[in-house]
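Residue numbers (my numbering): 1 to 173.
Note that beta-carbon positions come from the ideal geometry of N, C-alpha and C, so glycine has one too.
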């Protein structure tokens with residue numbers, strides 16, 4: 001994998017999997033290690049390449065934790081290296097309530113058309129697209145992510161079908 005593919009893997013596969021399988025541990029590691037955690041991961045991903053030199057520094061992965069005391073929700077904002085390639089994220093938000101019973105991974109990613117959209121990964125590995133045409137205003141972006149989480153938009157019911165669908169409506173699980 002090249003650097004872009006590795007970043008995409010980290011943003012869309014590794015971070016969601018790691019967060020949903022060890023949320024508290026991930027939050028502790030990000031608080032302790034910050035961007036160094038991603039440098040260590042990239043070095044580990046390339047350990048079989050003797051000439052590998054990580055093109056990033058820990059500061060390229062800025063980590064900021066924001067606690068909203070009114071709602072008891074924590075937002076871990078991870079700023080990613082500024083690579084302008086479709087499907088790469090400029091930021092990833094790991095969001096959870098106080099006891100981690102509600103949590104979600106939001107990705108702010110570049111589309112093929114050059115716009116940034118709010119997307120994300122659910123606990124069951126479902127990819128969701130929420131909103132588009134974000135501006136460069138980080139505060140506005142954060143407020144939109146906060147609104148989505150507080151509206152519980154990430155908790156979308158799953159559907160199953162029966163043999164006669166589409167004649168019969170889907171069955172909510």
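Query	Result
Segment limits, alpha helix (DSSP H) that includes residue 83	Here residue 83 belongs to no alpha helix (DSSP H), and DSSP marks it neither H nor E.
Coil, strand or helix - residue 133 by DSSP	coil
Own chain partners of residue 89 with C-beta closer than 6 Å, once the 5 adjacent residues on each side are dropped	11, 80, 107, 108, 109
Straight-line gap, residue 121 to residue 146 (C-alpha atoms, nearest Å)	16 Å
In DSSP terms, what residue 103 is bridged to	96
8 Å contact criterion, which residue 61 and residue 38 should meet: CB distance rounded	4 Å
Alpha carbon of residue 50 to alpha carbon of residue 21, nearest angstrom	31 Å
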